[in-house]
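Take 302 as the starting number for the sequence shown in this note's numbering and just add one per residue.
First the structure, in the form of structure tokens, and then the observations on it.
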Amino acid sequence: MNPDTFKPAHFKWDYAAGVATVTLNRPERKNPLTFESYAELRDTFRALVYVPEVKAVVVAGAGGNFSSGGDVHEIIGPLTGMDMPGLLRFTRMTGDLVKAMRGCPQPILAALDGVCVGAGAILAMAADIRIATPATKTAFLFTRVGLAGCDMGACAMLPRIIGQGRASELLFTGRVMSAEEGERWGFHNKLADDVLAEAEGLARSLATGPTFAHGITKTQLNAEWAVSLDVAIEMEAQAQAICMATKDFRRAFEAFAAKRTPEFKGD
302 MNPDTFKPAH FKWDYAAGVA TVTLNRPERK NPLTFESYAE LRDTFRALVY
352 VPEVKAVVVA GAGGNFSSGG DVHEIIGPLT GMDMPGLLRF TRMTGDLVKA
402 MRGCPQPILA ALDGVCVGAG AILAMAADIR IATPATKTAF LFTRVGLAGC
452 DMGACAMLPR IIGQGRASEL LFTGRVMSAE EGERWGFHNK LADDVLAEAE
502 GLARSLATGP TFAHGITKTQ LNAEWAVSLD VAIEMEAQAQ AICMATKDFR
552 RAFEAFAAKR TPEFKGD
């Protein structure tokens, strides 16, 4: 993937100064997801593993909404006519999008506004940092269409973000979580009126940092979910030793000694 020339078919892509902005761009339908957009988003995040020029990613929605989730006519309707193998192919494919987002080394920032529901809420959940407007309404509404709340990793990830009891309520009821609740509970890192500017500003700041080390941090945040404290400490000892062998670590020391700001290069 060349970030300067990449032209996806199912969402908007902008790239500048190390920051890629992915915009779900069907505003007339509140940016729903389709079979094709799920797959293209998955493939894009997988490809970013091998694109060091992209140092941070912002995911946003066009037209004052983030995403209304799976398109009712283009996804929900066809699913009702599928056999079990077909349904399982679909659910594995959507779960692979979350795996790809968690697996790409770049920090992902979700810029949320308006409707953020269903699979849209899952995309927000899968990001590393979430910034929302006060008008953002988030709902994991799978139960409203007769499905379980355990969609695309929600039962694993959401309790780790907001706690077991709060996650249980949202996943059982499918109710809307207000922006204020989301910030208070830790789902939203921050509320802002100009959410895209806020997210892209933070992304640019991260892009000027030690990006190799950021990738290690993200890897460890993922890997340490299911290990003991002793194992986690050893994993972090090895990971930090790797970072201490980088040129960025030496650059930071030399800059500190010279009383100047370090210029990180990700190596």
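We put the beta carbon where it would ideally sit given N, CA and C, even for glycine.
Note down the Cα distance separating residue i from residue j, rounded to an integer number of angstroms.
i: V626; j: P309; result: Lying outside 302 to 568, the shown extent of the chain, residue 626 is not represented and no answer is given.
i: A297; j: V323; result: Residue 297 lies beyond the range of the chain shown here (302 to 568); nothing can be said about it.
i: R330; j: E555; result: 52 Å
i: D495; j: L325; result: 17 Å
i: L459; j: A538; result: 28 Å
i: L468; j: T306; result: Reading off the sequence shown, one finds Ala at residue 468, where the question assumed Leu. Rounded to the nearest angstrom, the two C-alpha atoms are 40 Å apart.
i: I517; j: Y351; result: 15 Å
i: S479; j: R551; result: 45 Å
i: I543; j: M536; result: 11 Å
i: I463; j: E481; result: 13 Å
i: P333; j: L398; result: 15 Å
i: G483; j: G466; result: 14 Å
i: V532; j: G378; result: 46 Å
i: N303; j: L492; result: 33 Å
i: D344; j: W314; result: 14 Å
Do residue j and residue i have their beta-carbon atoms positioned less than 8 Å apart in this structure?
i: I409; j: D384; result: no
i: D549; j: K560; result: no
i: C417; j: K400; result: no
i: A411; j: V360; result: yes
i: G312; j: L342; result: What sits at residue 312 in the sequence shown is Phe, not Gly. In contact: F312 and L342 (Cβ atoms closer than 8 Å).
i: R393; j: A440; result: no
i: R431; j: F346; result: no
i: G371; j: G419; result: yes
i: R403; j: A427; result: yes
i: A436; j: G415; result: yes
i: F367; j: L413; result: yes
i: T381; j: Y339; result: no
i: L507; j: A321; result: no
i: P386; j: G364; result: no
i: T562; j: F513; result: no
Nearest CA to the CA of residue i: which residue from the options?
i: C405; options: N326, K519, I376; result: K519
i: H515; options: P353, A420, K313; result: P353
i: A498; options: T434, E481, C451; result: T434
i: S369; options: A425, P563, T509; result: A425
i: Q541; options: L492, P511, A558; result: P511
i: R461; options: E525, Q407, E501; result: E525
i: I376; options: E337, E501, G464; result: E337
i: A317; options: L530, E501, E564, A558; result: E501
i: N523; options: D344, G464, A457, P386; result: A457
i: T509; options: V528, G365, L530, Q407; result: Q407
i: H374; options: T335, D344, G364; result: T335
Let me confirm a value: residue i is counted as buried when at least 16 other C-beta atoms fall within 10 Å, else exposed. Which label applies?
i: M545; result: exposed
i: M453; result: buried
i: F473; result: exposed
i: G362; result: buried
i: A504; result: buried
i: N490; result: buried
i: A558; result: exposed
i: L471; result: buried
i: A455; result: buried
What did DSSP end up calling residue i once you bin it into helix, strand or coil?
i: C544; result: helix
i: T345; result: helix
i: K438; result: strand
i: D397; result: helix
i: C417; result: strand
i: K519; result: helix
i: D384; result: coil
i: D372; result: coil
i: T392; result: helix
i: R508; result: Here residue 508 is Ala; the residue named in the question, Arg, does not match the sequence. A508: helix per DSSP, three-state reduction.
i: R431; result: strand
i: A449; result: coil
i: A412; result: strand
i: D531; result: helix
i: M478; result: strand
i: G502; result: helix
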